[in-house]
Structures are given as structure tokens and as C-alpha cells.
Amino acid sequence: MTVENALFCPVCGARTFYLNQDGTIVFFSLDRRGRPLRVNPTDKEPVLTLETPINCAHCSWFGTVSGLLAELRAKE
4 MTVENALFCP
14 VCGARTFYLN
24 QDGTIVFFSL
34 DRRGRPLRVN
44 PTDKEPVLTL
54 ETPINCAHCS
64 WFGTVSGLLA
74 ELRAKE
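Numbered per the working numbering, the sequence shown spans residues 4 to 79.
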């Protein structure tokens with residue numbers, strides 16, 4: 004799956020998110036099922052549940068994977 008098909012921020016449209024995982028900032032994109040793609044650093048796969056708080060890497064939006072999936076469903 005390409006990043007063009009990834010979930011995007013409902014505020015700014017960016018496709019990169021991040022979370023603080025054990026003191027490390029982990030950047031990633033999410034496929035349309037909420038699974039991580041393009042993880043950086045590559046050795047830190049994010050531990051995500053549907054309710055894990057995540058942040059947009061480009062604006063002040065924050066929410067959850069389930070929130071992003073709900074936004075996607077509402078627009079389909």
C-alpha cells in the first residue's frame with residue numbers, strides 16, 4: 004500500500020502521525036485499516052490499539068486510530 008492511500012489528518016490532510024512510545028517519538032502513516040506504514044525510526048514499530056492517542060506530525064490535531072477510521076467511513 005502506498006502512502007497516498009493512507010489515512011489522513013482531518014484538519015490539515017497530512018498523512019504522517021506520531022506518538023511517544025517509551026520516551027521515543029515514533030512517526031508513521033496508517034493504512035485504511037489503521038495499521039502502521041512507513042515507520043521511523045524503523046526499529047520502533049508503534050504499539051497501536053484503536054484507542055491509542057496519536058498526534059498529527061504537521062498540525063495540532065490529536066485523536067485515536069478509531070477516530071480516523073470513523074472519519075474515513077463518514078466520507079465514503
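Just so it is clear, CB atoms sit at the ideal spot from N, CA and C, and this is done for glycine as well.
- Burial state of V14 is exposed, judged by a 10 Å Cβ sphere holding fewer than 16 other Cβ atoms.
- The three-state reading of DSSP puts V68 in helix, counting H, G and I together.
- One alpha carbon belongs to P44, the other to G66, and they sit about 21 Å apart.
- Annotation for S63: V14 place their beta carbon closer than 8 Å to its own, counting only its chain and skipping 5 residues before and after.
- Between G37 and the set Q24, L53 and D25, the nearest pair of CA atoms involves L53.
- Residue G26 holds the alpha-carbon nearest to the alpha-carbon of K47 among G26, N58 and D34.
- For L33, the secondary structure class from DSSP, reduced to helix, strand or coil, is strand.
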